[in-house]
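First the structure, in the form of structure tokens, and then the observations on it.
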Amino acid sequence: MTTSVSPAPEGRETWTSNRGFILAAIGSAVGLGNIWRFPGVAYEGGGGAFLVPYLIALVTAGIPILFLDYAVGHRFRAAAPLAFRRMWRKAEALGWFQTAILFVISTYYAVIIAWSLSYFYFSFGTKWGDDAKTFFLSDYLKVGDPGVSTELVGGVAWPLIAVWGLIIVILALGVTKGVEKLNVIGLPLLVLGFAALVIKALTLPGASDGLNALFTPDWGALTDLNVWIAAYSQIFFSMSIAFGIMISYASFQRRKANMTSSGLVVGFANSSFEILAGIGVFSTLGFLAHQQGVGVGDLEGITGPTLSFITFPAVISQMPGATLFGALFFGSLAIAGFTSLISLVLGVSVAFQEKFGLSKTTAAVTVGVVSAIVSFALFATTTGLIALDTVDQFANNIGIVVSAIAMCVIAVWLGRTIETLRGHLNAVSTFKVGKWWIPVIGLYAPIFLGIMLIQKVYDLVQNGYEGYPTWYVGVFGWGTVAFLVAFAVVFTAIRWGGRDDSTFAPWPPLDSSATTAAAAGKEAVR
Ligand code: PFF
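Numbering-wise (the working numbering), the sequence shown opens with residue 6 and increments by one.
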């Protein structure tokens, strides 16, 4: 009974249960994107009618690409660079490209969590006062013109130290004792806190106007290509797919793990939280419109940092029970953000651990410290907000779409592993992936995403971004894209110093017959 099909790679952890994996995956998916991005994007994309492109994006790209991430991670059992290398040797660069995106996003995502922590504290006594906009931009962030400043903002730097410190400790504790525990504690806390906030928001005067504004369909929006693009972008960022994250998370699953059913649970949970956030945010905006005697449609600043750190504080000041509402809102943002940030940094850390044969702790500390330094230098300064906005736009809209297209094309056309991956998923899962998956991944997704990419690049080249100076968009926007490519080239070129395929084996190929009692018996000893 002690024989095993492949040498169990020493030191590789697994989630303690499928539940642990699902919680961690939901923790990664549910983040700032759900709370501050979805409600405004849905509203601007036709309200109730937005649910049509959103659900189509979920079914035609979200779930299929989530399955692809899971299949690659579980079958090849490594973070993105090594998993892709095992899938098709030349695909390692894609893994490093994804790792670069994770690295870049983590450096600014951490800063937003630091703001949320500050605002959690400011909620006690609504310290932002009567003019939330001036408070956020001038008093708190000390924002200057677009440029490069080295002046650190103390109010951001202190909580940022706490964020990175905690991230490093949790990563060093590892997948089971660190990441899984964090999510097992954090996720229920988030759901309870956020549900309380939504209930409170629904009782505010004007809440129903907000909900009407959000859900009343504007069918005309569906003829606008940009609305469809917004729906697909939202799905990618929100579900954390094509970033390599879900590859790493799936790589820590046990051999017999019900991957596709878990994926459906994660996707459903993420979208449900998104709708819940829409209800909470728009009830609150309805209250604001009611207070100001204007229509919800006349309000400004309903997405992103402006929504969370200017509009919301302003509304909260006018509410009965302001402190509680503020603490619930900013506490939720911080927790939702933190469980996503840990996944971003884990993806980077495991990639380096594998390539250079580092220990878990060395990789966690090195990656954590380097990311923290970049995070401070670029985003905790007086020019941090503008840098963050620009880098986010390019890393997400260009980087991630390129990554998704490359992943689909490699899986189906270049590496030709899609059938193996489908067989693998079906051998371990109860929800079987039909043949429909292959044309969706091989044709529909890359074609649609290709159109989306061309449109976005054209728009950015023609119109620049947010009226920022051209040199600035060149350095921080296109510079980000150049950085992603350079990172991929450099780390692919470096020789593997880590465990190679023989000492750190992927799971042996599974096909449907492997689900027999004999295979199950072997699994049990692992
Ligand atoms: N899904 C997260 C959100 O909605 O905020 C953001 C995110 C986390 C994106 C992890 C990508 C990722 F790998």
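Glycine included, each C-beta is placed from N, C-alpha and C at the ideal position.
Using a 10 angstroms sphere on the CB of Ala98, the tally of other CB atoms reaches 16 or more, which defines it as buried. Shown here, Thr112 sits in a helix according to DSSP, grouped into three states. The nearest non-hydrogen atom of ligand 1 is 7 angstroms or more from the C-beta of Gly420. Under DSSP, Leu157 shares a beta bridge with Thr386. Secondary structure at Ser434: coil, using DSSP grouped into helix, strand and coil. Contact between Trp101 and Phe357 does not hold, since the beta-carbon distance rounds to 10 angstroms and is not under 8 angstroms.
Look at Gln258 here: in three-state DSSP terms it is coil, with no helix or strand label.
With fewer than 16 other Cβ atoms from the protein chains shown falling within 10 Å of its own Cβ, Asn468 counts as exposed. Contact check for Ile307 and Gly45: beta-carbon distance about 4 angstroms, within the 8 angstroms limit, so the pair qualifies.
Inclusion of Ala385 and Val116 in the CB contact set at 8 angstroms is warranted, their separation being smaller than that value. If you look at Val353, you'll find it in the alpha helix (DSSP H) that goes 327-361.
For Thr155, same chain residues with a beta-carbon under 8 angstroms away, outside a window of 5 residues either side, are Ala382, Thr386 in chain order. By the neighbour-count criterion, in which 16 or more other beta carbons inside 10 Å mark a residue as buried, Ala498 falls on the exposed side.
Beta-carbon to beta-carbon, Asn23 and Asn263 are separated by about 6 angstroms, close enough to satisfy the 8 angstroms threshold. Per the coordinates, the alpha-carbon of Leu195 lies some 10 angstroms from the alpha-carbon of Gly32.
In this structure, ligand 1 has no non-hydrogen atom nearer than 7 angstroms to the beta-carbon of Leu304.
Of the heavy atoms belonging to ligand 1, at least one sits nearer than 7 angstroms to the Cβ of Gly36. Annotation for Ala206: the continuous alpha helix (DSSP H) segment containing it runs 186-207. For a cut-off of 8 angstroms, the C-beta gap from Gly78 to Ser256 is around 4 angstroms, short enough to register as a contact. Note on geometry: alpha-carbon atoms of Ala411 and Lys461 lie some 17 angstroms from one another. One alpha carbon belongs to Val286, the other to Thr208, and they sit about 13 angstroms apart. When the five nearest sequence neighbours on each side are left out, the beta carbons in the same chain lying within less than 6 angstroms of the beta carbon of Val478 are those of Gly469, Tyr470, in order along the chain.
Across the set Arg80, Ile378, Tyr126, the C-alpha of Arg80 shows the shortest separation from the C-alpha of Gln258. Shown here, Thr485 sits in a helix according to DSSP, grouped into three states.
With a 10 Å radius around the Cβ and a threshold of 16 neighbouring Cβ atoms, Asp303 comes out exposed. Restricting attention to Val486, Ala247, Ala66, Ala369, the CA atom closest to the CA of Ala236 is found in Ala66.
Look at Asn39: its beta carbon is less than 7 angstroms from one of the heavy atoms in ligand 1.
A Cβ-Cβ contact shorter than 8 angstroms links Ala84 with Val355. Within the chosen limit of 7 angstroms, ligand 1 does not reach the beta carbon of Ile117 with any heavy atom.
Only residues of its own chain outside the window of five on either side were considered, and among them Ser123, Tyr145 have a CB closer than 7 angstroms to the CB of Gly160, listed in chain order. About 6 angstroms separates the beta carbons of Trp93 and Leu419, which is inside the 8 angstroms limit, making them a contact pair.
DSSP, reduced to helix, strand and coil, places Tyr145 within a helical segment of the structure shown. Leu99 has its Cβ no nearer than 7 angstroms to any heavy atom of ligand 1.
Taking a contact as a CB-CB distance under 8 angstroms, the pair Phe241 and Ala30 does not count as one, their CB atoms being some 15 angstroms apart.
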